[in-house]
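Heads up: the sequence shown is residues 55 to 198, going by the working numbering.
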Amino acid sequence: MTIIVLTTVVSIIFNGITNGEFLLFIAIWVFIFIPLGSFFAFGFFWNIFGKERIIFKQNNLLVKRKILGIGSQKEYLISELKNLRIANQRPYFSFKYFLEILGYSGGVLAFDYGMKTVKFANSIEEAEGNHLIKEISAWISKAE
């Protein structure tokens, strides 16, 4: 794809611009470089401004992920939360690991919720995860 962009730009510089080349260049920008740029910009802003908060409310566990106040919130019933644990090691050099680095998914802690596995606490170390498991487990036992 980069080769197509470079040949188009070089052709424009030396031969002038034609409608077909201009449309090709704009199409590449719109459909490839803008989405990829947005993808990496999100990762950049998540690493600088992103916050993940774990909040305990009566019988619920809330996981909030926000960048500069904008983001998502997921709420989980304590009664449905099972098998709180350290998540499996991340596979290095895989697309899934790449998404976790950028903050799109995953985390150090995991629990089973119905038929899904929920992962959270993306930016902590395993030792911190063990401490959090003790704290969360104590809170769960008090809530039940």
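C-beta atoms are modelled at their ideal positions from N, C-alpha and C, and glycine is treated no differently.
Tell me the DSSP bridge mates of residue i?
{"i": "Ile121", "result": "Gly104 and Ile124"}
{"i": "Val172", "result": "Phe165"}
{"i": "Phe110", "result": "Leu115"}
{"i": "Ile140", "result": "Leu163"}
{"i": "Tyr130", "result": "Leu115"}
{"i": "Leu135", "result": "Tyr167"}
Using only alpha-carbon positions, find the residue among the options that is nearest to residue i.
{"i": "Ser133", "options": "Phe165, Ile86 and Ala181", "result": "Phe165"}
{"i": "Met169", "options": "Leu90, Leu77, Lys136 and Ile88", "result": "Lys136"}
{"i": "Ile194", "options": "Trp83, Gly160, Ile82 and Leu116", "result": "Leu116"}
{"i": "Leu156", "options": "Gly74, Gly104, Trp83 and Ile124", "result": "Gly104"}
{"i": "Glu179", "options": "Glu106, Gly161 and Gly74", "result": "Gly161"}
{"i": "Ile102", "options": "Ser177, Tyr130 and Ala181", "result": "Ser177"}
{"i": "Ala181", "options": "Leu163, Tyr151, Val172 and Tyr167", "result": "Leu163"}
{"i": "Glu106", "options": "Gly125, Leu90, Ile88 and Leu153", "result": "Gly125"}
If residue i and residue j are in contact, beta carbons under 8 Å, what's the gap, nearest whole angstrom?
{"i": "Ile121", "j": "Phe99", "result": "5 Å"}
{"i": "Phe174", "j": "Ile108", "result": "7 Å"}
Would you say residue i reaches chain C, if we count a Cβ-Cβ gap shorter than 8 Å as a contact?
{"i": "Ala181", "result": "Among the protein chains of the structure shown there is no chain C, as only one such chain exists."}
Check: Given 8 Å as the limit, is there contact between the stretch 170-190 and the stretch 132-143, that is, 3 or more CB pairs closer than that?
Finding: The stretch 132-143 and the stretch 170-190 touch, with three or more beta-carbon pairs separated by less than 8 Å.
Note to self: Using a Cβ distance threshold of 8 Å, determine whether the stretch 107-115 contacts the stretch 83-96, with at least three qualifying pairs required.
What the structure shows: Result no; under three Cβ-Cβ pairs closer than 8 Å.
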